[in-house]
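S.K.: Got a structure for you, written out below as structure tokens; questions coming shortly.
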Amino acid sequence: MLEVKVISFLWLIGILAEAMTGALAAGKKQMDLFGVVIIGCVTAIGGGTLRDILLGNYPLIWIENVHYLIAIAAASLLTVMIAPVMRHLSKLFLAIDAIGLAVFSIIGAQKTLMLGFSPEIAIVMGVVTGVFGGVIRDILCNQVPLIFKKELYALVALLTASAYVAMKFNGVPEWINLSISLVFGFSFRMLAIRYKWSMPKFDYQYQSDNAH
Amino acid sequence: MLEVKVISFLWLIGILAEAMTGALAAGKKQMDLFGVVIIGCVTAIGGGTLRDILLGNYPLIWIENVHYLIAIAAASLLTVMIAPVMRHLSKLFLAIDAIGLAVFSIIGAQKTLMLGFSPEIAIVMGVVTGVFGGVIRDILCNQVPLIFKKELYALVALLTASAYVAMKFNGVPEWINLSISLVFGFSFRMLAIRYKWSMPKFDYQYQSDNAH
Amino acid sequence: MLEVKVISFLWLIGILAEAMTGALAAGKKQMDLFGVVIIGCVTAIGGGTLRDILLGNYPLIWIENVHYLIAIAAASLLTVMIAPVMRHLSKLFLAIDAIGLAVFSIIGAQKTLMLGFSPEIAIVMGVVTGVFGGVIRDILCNQVPLIFKKELYALVALLTASAYVAMKFNGVPEWINLSISLVFGFSFRMLAIRYKWSMPKFDYQYQSDNAH
């Protein structure tokens, strides 16, 4: 069906965009080319892999179909080649990343519902799929994960997955649901970047607290 | 049975205390509110989740019963609100945290035995359940995990889980076993903090070693 | 069979060597003895554990046979005792570590093939088994994982696993295959250290990029 092809196509754009963010993060830490490929792969498949491990849903997609890994590795290496011109393409790149975020959040929720889990867990897994690739990337690069600090990244995942699940349970046809969720998630993310929207921060600097 | 209710109640106190330590750690890194909630959740459920993944024990508790996640998220946000008075409550907080540590260690061992694993693995899983939530929290906040450095945290988990397993295999009734293990773990931890007990440290600073 | 005994013996050397690298890394962060043991265990079993979780292959080896954990804990503590003389043994130590890397990569690929997965996934899992113990160790010690930066570590794992899988699919008898792969991986790693071979690095320092 056309809708399956479109969502698969967008998902492919999403993992390739995530691979590119991973490769760039590796470059900032001056990793070698193999490190770039590994970070690219982990960023692209990390969120979905964590979701499937948490759900006990085996076999993992990239283990069943190894071509995804090869495409992701290629995207990571391509990123190294085109990095010098990336600064001129940074708006395009942010847009691709925003599509990836929205698609991952929707697909994460969709798959979780298909496996028979509750709508609340579907929303949680939408967030896991959408943001944890980037979290694992930042951990491997020894940084505080950016998504906890910047531009509503995780909130976009939460609201996009929630919108998808809410429409699904209210009988909205899948095709319309996917379109609306995707446009909503993408637009929300781009507006958050454009207008520097952010959530209130919690700043707790009482140093002598020794609870852990 | 009363004992089930008591241990469930203490477990709930434990996960809420862990959520609070997670929220405070997030505040030290000036995360936004969503980051606070995610770190709170991961700290509270991370140890038990890692245990169940290692044991292949599905479905995960918080996936079957999503209310735990909602309670943990609420505890994380509550922590943000009461943070200004936390410094006056730090002793109470340390006591709650110590209850959580003891309860998690005991429940981790108990569940592992119920699933039919060996007593040694039950002890290992008691430690995993007791301390790995905090380890994952510290990794996400980009710090060397505190539990490897401070006040016998991990040793308390090890000895508490060992005491529970040893009494279980020597026919001590569950009710008495739970009570003794809990009082032992809690007291040991509070004494370790009070008297600054610590284990010998291994300080290896030979820099030119390039093995990895 | 003799070949099974030899590979088991080398695997044991491998996990003990990995435990030692973990203990030394913990010592550099001045962890206490319990932290040393935990980091030693995670380094030694982390790669194989991650592989089996990704493959959904339960029960985990060290859960079925807890004696491995005890041996690893002992190796970690032994490392603390012999650390003062380690600088005189650093070449021996690098050689043991290189054996471990080669053996882990081969065993990782071998087990994955035995479970019926594709040759490509067997190679990926050889890399995971060979290097991710060290990656998890570096994350727990709050460092950028060394393997992404130094001396072809990950590339050795990739090529060693690839050699093993290629010979396997070309009918080379297991015994000869294991020997050649092992000698190849070990020699390649030692030469890379000796001649400071390294891969090209990707250095991307364009700071104003705010994609993540």
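Keeping their order, the protein sequence lines are chains A, B and C. Read in order, the letters of the first sequence correspond to residues 1 to 212 in the working numbering. Read in order, the letters of the second sequence correspond to residues 1001 to 1212 in the working numbering. Read in order, the letters of the third sequence correspond to residues 2001 to 2212 in the working numbering. C-beta atoms are modelled at their ideal positions from N, C-alpha and C, and glycine is treated no differently.
1) For Phe-1148 (chain B) versus Ala-2075 (chain C), is the C-beta spacing smaller than 8 Å?
2) Given a threshold of 16 other Cβ atoms within 10 Å of its Cβ, counted over all protein chains shown, does Gly-1215 (chain B) qualify as buried or as exposed?
3) State yes or no: is the beta carbon of Ile-2063 (chain C) nearer than 8 Å to at least one beta carbon in chain B?
4) Check whether the region 165-174 of chain A and the region 2170-2177 of chain C are in contact - that is, three or more C-beta pairs closer than 8 Å.
5) Is it buried or exposed for Gln-1110 (chain B), if we count other Cβ within 10 angstroms and need 16 for buried?
6) DSSP three-state call for Lys-1201 (chain B): helix, strand or coil?
7) Considering just the uninterrupted stretch of the alpha helix (DSSP H) at Lys-2005 (chain C), what are its terminal residues?
8) Looking at chain A, is there any beta carbon in it that lies within less than 8 Å of the beta carbon of Val-1080 (chain B)?
9) Which residues in chain A have a C-beta closer than 7 Å to the C-beta of Ser-2118 (chain C)? List them in chain order.
10) Would you mind working out which of C:Pro-2059, C:Ala-2161, C:Gln-2143 and C:Phe-2132 sits nearest Ala-2122 (chain C), comparing C-alpha positions?
11) Verify the CB distance criterion: does Met-2190 (chain C) have a CB-CB separation below 8 Å to chain A?
12) Indicate whether the contact test is met: 3 or more Cβ pairs, each with one atom in the region 177-184 of chain A and one in the region 123-135 of chain A, closer than 8 Å.
13) How would you call Gly-1040 (chain B), buried or exposed, if buried means at least 16 neighbouring beta carbons within 10 angstroms?
14) Closer than 9 Å, Cβ to any Cβ of chain B: which residues of the region 2016-2033 of chain C, in chain order?
15) For Arg-1194 (chain B), is the classification buried or exposed, using 16 other Cβ atoms within 10 angstroms of its Cβ as the cut-off for buried?
16) On the DSSP bridge assignment, give the partners of Asp-1032 (chain B) in chain order.
17) Roughly how far, in whole angstroms, is the beta-carbon of Ile-45 (chain A) from the beta-carbon of Ile-13 (chain A), given that I think they are within contact range, below 8 Å?
18) Are the CB atoms of Leu-1159 (chain B) and Ala-1192 (chain B) nearer to each other than 8 Å?
19) Any idea what DSSP makes of Phe-117 (chain A), helix, strand or coil?
20) Please state if the CB of Pro-119 (chain A) and the CB of Phe-184 (chain A) are separated by a distance shorter than 8 Å.
21) Between Met-1199 (chain B) and chain C, is the shortest Cβ-Cβ distance under 8 Å, so that the two count as touching?
22) Looking at chain A, is there any beta carbon in it that lies within less than 8 Å of the beta carbon of Leu-1140 (chain B)?
23) So, is the C-beta of Ile-1038 (chain B) closer than 8 Å to a C-beta in chain A?
24) Work out the CA separation of Ile-1053 (chain B) and Ala-19 (chain A) for me, nearest whole Å.
25) Please return the same chain residues whose Cβ sits closer than 8 Å to the Cβ of Pro-200 (chain A), not counting the five positions on each side in sequence.
26) Which residues of the region 172-184 of chain A have a Cβ closer than 7 Å to any Cβ of chain C? Give them in chain order.
27) Would you decide whether Gly-116 (chain A) is buried or exposed? Buried here means 16 or more other CB atoms lie within 10 Å of its CB.
28) Note the first and the last residue of the continuous alpha helix (DSSP H) segment covering Gly-1185 (chain B).
29) Take Ile-1015 (chain B) as the anchor and find which of B:Pro-1084, B:Cys-1141 and B:Ile-1061 has the nearest alpha-carbon.
30) Between Ala-1083 (chain B) and Leu-1077 (chain B), what straight-line distance do the alpha-carbon atoms span, to the nearest angstrom?
31) Locate the alpha helix (DSSP H) running through Tyr-2164 (chain C), then write down its first and last residues.
32) In chain B, what lies closer than 9 Å to Gln-205 (chain A) by C-beta?
33) Just to make sure I have the definition right: I need the residues of chain B whose C-beta is within less than 8 Å of the C-beta of Ala-154 (chain A). Which are they?
34) Who are the near neighbours of Trp-197 (chain A) in its chain, counting only those whose CB is closer than 6 Å to its CB and skipping five residues on each side?
35) Applying the 10 Å Cβ sphere with the 16-neighbour rule, what's the burial state of Lys-2029 (chain C)?
36) Determine the direct distance from the alpha carbon of Phe-1093 (chain B) to that of Met-2167 (chain C), and round the result to whole angstroms.
M.R.: The short version:
1) no
2) Any answer about residue 1215 (chain B) is impossible in this case: the structure gives chain B only from 1001 up to 1212.
3) yes
4) no
5) buried
6) strand
7) 2002-2028
8) yes
9) Val-66
10) C:Ala-2161
11) no
12) no
13) buried
14) Ala-2017, Met-2020, Thr-2021, Ala-2023, Leu-2024, Ala-2025, Ala-2026, Gly-2027, Lys-2028, Lys-2029, Gln-2030, Met-2031, Asp-2032 and Leu-2033
15) exposed
16) A:Lys-201
17) Contact doesn't hold; Cβ gap of about 15 Å is too wide.
18) no
19) coil
20) no
21) yes
22) yes
23) yes
24) 26 Å
25) none
26) none
27) exposed
28) 1174-1194
29) B:Ile-1061
30) 10 Å
31) 2153-2169
32) Gly-1027, Lys-1028 and Gln-1030
33) Phe-1034, Gly-1035 and Ile-1038
34) Leu-152
35) buried
36) 60 Å
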